[in-house]
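Reviewing the structure listed below.
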Amino acid sequence: MASDLPVNFIQNIINQDLEADKNDGKVHTRFPPEPNGYLHIGHAKSICLNFGTALANNGLCNLRFDDTNPSKEEVEYVDSIMTDVKWLGFDWDDRLFYASDYFEQLYQYAVGLIKAGKAYVCNLTADQIRDYRGTLTEPGKESPYRNRSVDENLDLFERMRAGEFEDGYCVLRAKIDMKSPNMNMRDPVLYRILRATHHRTGDKWCIYPMYDYAHPLSDALENITHSICTLEFSDHRPLYDWCIENVDYSGEAQSRPQQIEFARLNLTYTVMSKRKLRELVENGYVDGWDDPRMPTISGLRRRGYTPSSIRDFCERIGVAKRNSMVDIALLEHCIREELNANAIRVMTVLRPLKIVIENYPEGQVEWLETENNPENEAMGKRKIPFSRELYIEQEDFMENPPKKFFRLRPGGELRLKSAYIIKCEQVIKNDAGEITELICSYDPDSKSGGPTSGRKVKGTAHWVSVPHAVDVEVRLYDNLFLSENPDEEDDYKTALNPASREILQGCKAEPGIAELPQGNKYQFLRQGYFCQDSILSKPDKMVFNRIVSLRDTWAKVSKN
RNA sequence: UGCCGGUUGGUGUAGUGGUAGCACGACUGACUCUGGAUCAGUUCGCCAGGGUUCGAAUCCUUGACCGGCAGCCA
18 MASDLPVNFI QNIINQDLEA DKNDGKVHTR FPPEPNGYLH IGHAKSICLN FGTALANNGL
78 CNLRFDDTNP SKEEVEYVDS IMTDVKWLGF DWDDRLFYAS DYFEQLYQYA VGLIKAGKAY
138 VCNLTADQIR DYRGTLTEPG KESPYRNRSV DENLDLFERM RAGEFEDGYC VLRAKIDMKS
198 PNMNMRDPVL YRILRATHHR TGDKWCIYPM YDYAHPLSDA LENITHSICT LEFSDHRPLY
258 DWCIENVDYS GEAQSRPQQI EFARLNLTYT VMSKRKLREL VENGYVDGWD DPRMPTISGL
318 RRRGYTPSSI RDFCERIGVA KRNSMVDIAL LEHCIREELN ANAIRVMTVL RPLKIVIENY
378 PEGQVEWLET ENNPENEAMG KRKIPFSREL YIEQEDFMEN PPKKFFRLRP GGELRLKSAY
438 IIKCEQVIKN DAGEITELIC SYDPDSKSGG PTSGRKVKGT AHWVSVPHAV DVEVRLYDNL
498 FLSENPDEED DYKTALNPAS REILQGCKAE PGIAELPQGN KYQFLRQGYF CQDSILSKPD
558 KMVFNRIVSL RDTWAKVSKN
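For the first sequence, my numbering assigns the number 18 to the initial residue and increments by one for each residue that follows.
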């Protein structure tokens with residue numbers, strides 16, 4: 018039997034572990050977000066990796082909030098993260114945890130470290146600690162408080178917890194090696210005093226463990242076997258290991274988690290740091306975390322991306338250690354591929370140009386049959402009204418067209434999709450010389466599906482009957498940034514795309530659009546894939562977001 | 001210039017001593033009542049030098065270049 022195991026270096030490590038019967042053959046991962054912002058597509062990569070790897074290896078994956086810094090964290094973020102992970106299609110069952118669940122335990126472990134002479138309370142100020150730490154090329158020097166007695170440390174640490182000292186008055190540090198070439202091992206801070214109300218523990222604590230201390234121990238307590246994180250934590254791995262090796266679990270933890278680092282996702286034409294995304298939101302460059310232009314999960318969801326398309330994307334980009342920049346075209350390909358197979362076709366004219374078919378009887382309406390999806394016959398057919406007055410797309414007519422323009426021109430013919438072939442007889446203009454209307458004729462023998470419909474015309478266009486048209490608003494989106502890599506600019510905000518959103522009013526959709534089956538995702542014929550905006554769209558005033566355009570060969574041709 | 005990591009077509013990713021593959025993109029052509037989709041094809045790559053070997057992307061070595069690290073953030 019062929020294996021569905023993903024091909025990447027992490028799976029290779031797991032295969033070796035499995036072969037060596039490490040961890041009794043168990044695979045247990047976790048997704049450990051800090052609830053200080055909304056999740057983005059880069060987190061989706063991590064979510065798919067952690068949950069996906071567990072699933073593929075018959076293991077489990079926990080959701081654990083790394084909530085050790087109450088000054089930055091909020092329940093709003095906790096809630097949004099759970100929503101997003103679930104929406105992506107993953108389930109942590111009853112394994113929802115918080116680092117704050119372990120605060121008491123972590124405190125006791127720290128007491129143990131002190132008793133073992135491996136941690137001490139340090140009264141150096143933050144500035145002094147930085148000075149003492151040395152530099153990248155010079156060793157640090159030991160704190161004068163480094164050799165306090167165990168009893169004194171125990172007393173001081175207890176009083177830190179009791180709230181006897183002001184914020185920043187002292188910290189608990191690990192006693193490791195001030196001369197280590199790895200900065201993280203130069204007596205790292207384990208606990209700091211911080212008076213901030215924690216979203217879960219309230220004001221119970223005024224000391225909080227640092228990530229480097231809380232994270233490995235949380236992993237161990239949850240019996241995590243493979244602790245997958247991003248590259249910037251590689252330098253922290255020796256400290257991760259130190260924590261696990263030096264606390265005395267007395268049987269609470271059974272695993273010896275192994276930290277494995279992979280490269281985070283970078284996508285062209287966007288930014289991925291929480292800080293920058295927050296800045297875009299807070300300074301009004303976008304409408305919110307869920308603005309359809311944002312690379313956040315909530316933004317992609319509102320834009321119309323499906324969970325499966327995002328999972329597919331995360332699979333295709335692979336996992337490795339080399340820093341890379343994935344072309345956003347791949348993400349777009351994933352949603353196009355899915356929606357091409359599933360989305361119902363609809364005719365909507367974005368920039369309407371009215372045409373009158375002079376030889377079509379006034380008042381007559383024909384209900385013509387059209388397929389809901391030519392890729393999938395099972396999706397059936399529907400009827401759309403054809404009448405004497407129609408809207409076509411402005412760009413489907415040119416008075417003086419270039420060589421390969423296959424659409425309507427004066428005296429030229431065009432097939433109307435699922436209807437008739439029309440011919441442009443006359444161009445009507447207003448005083449300003451702008452085209453306001455076209456007078457056309459139609460060939461009654463050319464009706465789609467009819468016995469004499471076989472005549473070939475080079476172009477086919479979408480259209481909507483004027484008396485039956487529904488007015489809708491359409492929002493077209495382009496990349497949020499003009500630069501492939503905004504992070505390279507002095508200020509990434511200067512690369513913002515002023516035309517990232519175009520709002521079109523008075524677009525003409527075929528009737529009954531909202532009632533169509535599979536009504537939440539559509540292909541507007543020849544335009545792209547669209548969905549109703551989950552917030553702005555109302556039954557009497559529909560608003561559609563363009564998820565992604567169709568590939569457009571003509572656009573490329575016409576540019577040259 | 002201390003430590004850690006990395007370098008395979010335009011982009012991403014396989015290949016772990018035996019014909020460098022896949023996907024996306026780009027380009028050709030066919031087909032098409034969506035200039036969509038589909039189909040066929042083309043283009044394009046092992047960072048560099050030295051070594052080991054019958055044979056090296058893979059092993060050794062020297063170098064170049066890129067990324068990360070000096071929060072009481074994660």
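Virtual Cβ for every residue (Gly too), placed ideally from N, Cα, C.
Secondary structure within the stretch 313 to 365: the alpha helix (DSSP H) runs of 4 or more consecutive residues, fully enclosed, are 314 to 320, 324 to 334, 345 to 359 (chain order).
Comparing alpha-carbon positions, the option among Cys548, Ile409, Met200, Val303 lying closest to Thr453 turns out to be Ile409. Sorting Arg163, Lys221, Leu189, Lys338 by C-alpha distance to the C-alpha of Met195 places Arg163 at the top. By alpha-carbon distance to Leu256, the top candidate from Asn25, Gln276, Ile520, Arg209 is Gln276. For the pair Ile401 and Cys457, the CB atoms are not nearer than the 8 Å cut-off. For Phe174, the closest alpha carbon among the candidates Met202, Tyr137, Met200, Asp460 is that of Tyr137.
Between the alpha carbons of Ile334 and Thr46 lies a gap of roughly 20 Å.
Across the structure, Gln411 and Pro484 are spaced so that their CA atoms are roughly 18 Å apart. In this structure, the beta-carbon distance from His215 to Ser117 falls below 8 Å.
With fewer than 16 neighbouring CB atoms inside 10 Å of its own CB, Met342 falls in the exposed class. The beta carbon of Ile564 sits closer than 8 Å to the beta carbons of Arg320, Gly321, Tyr322, Ile352, Leu356, Lys538, Gly545, Tyr546, Phe547, Cys548 from its chain, once the five residues preceding and following it are set aside; these are given in chain order. Within the stretch 132 to 210, complete beta strand (DSSP E) segments of at least 3 residues are found at 136 to 139, 188 to 191, 206 to 210, given in chain order. Sequence-distant partners of Leu105 (beyond 5 residues in either direction) whose C-beta falls short of 8 Å from its own C-beta, in its chain, are Ala61, Ile64, Cys65, Ile314, Pro324, Ile327, Arg328.
In the structure shown, the three-state DSSP call for Arg254 is helix. By the Cβ test, the stretch 75 to 85 is not in contact with the stretch 292 to 311, since fewer than three Cβ pairs between them sit closer than 8 Å. Boundaries of the beta strand (DSSP E) around Gly545: 545 to 549. Proximity to Gln381 across Glu388, Val188, Ser404 peaks at Ser404, based on C-alpha coordinates.
Shown here for Leu141: same chain residues with a beta carbon closer than 6 Å to its own, the five before and five after excluded, namely Ser160 in chain order.
Taking the Cα positions, Tyr119 is about 16 Å away from Asp220.
Counting only the Cα atoms, Pro205 lies some 19 Å from Glu169. Partner residues in the beta bridge of Arg81, as assigned by DSSP, are Phe114.
Between Leu385 and Ala436 a beta carbon distance of about 6 Å is seen, short of the 8 Å cut, so the two are scored as contacting. Pairing Leu513 with Tyr302 gives a Cβ-Cβ distance under 8 Å. Between Ile31 and His243, the CB-CB gap stays under 8 Å. Sorting Leu284, Glu239, Glu296 by C-alpha distance to the C-alpha of Glu269 places Glu239 at the top.
Of Lys473, Ala179, Glu442, the smallest CA-CA separation from Tyr459 is found for Glu442. In this structure the stretch 464 to 484 does not lie against the stretch 492 to 507, because fewer than three pairs of beta carbons, one per stretch, are closer than 8 Å.
The DSSP-derived three-state label of Pro515 is coil. For Lys291, the uninterrupted alpha helix (DSSP H) run begins and ends at 291 to 299, by DSSP.
Taking 8 Å as the cut-off, the beta carbon of Lys398 is found closer than this to the beta carbon of Glu388. In this chain, the alpha helix (DSSP H) harbouring Ile31 covers 26 to 36. Residue pairing from DSSP places Ala526 in a beta bridge opposite Thr365, Val487. Proximity to Tyr208 across Arg190, Thr154, Ala237 peaks at Arg190, based on C-alpha coordinates. Ranked by how close their Cα comes to the Cα of Gly523, the residues Asp550, Ser517, Ala486 have Ala486 in first place.
Per DSSP, the continuous alpha helix (DSSP H) segment holding Tyr228 begins and ends at 228 to 238.
DSSP places Leu66 inside the alpha helix (DSSP H), whose first and last residues are 58 to 73.
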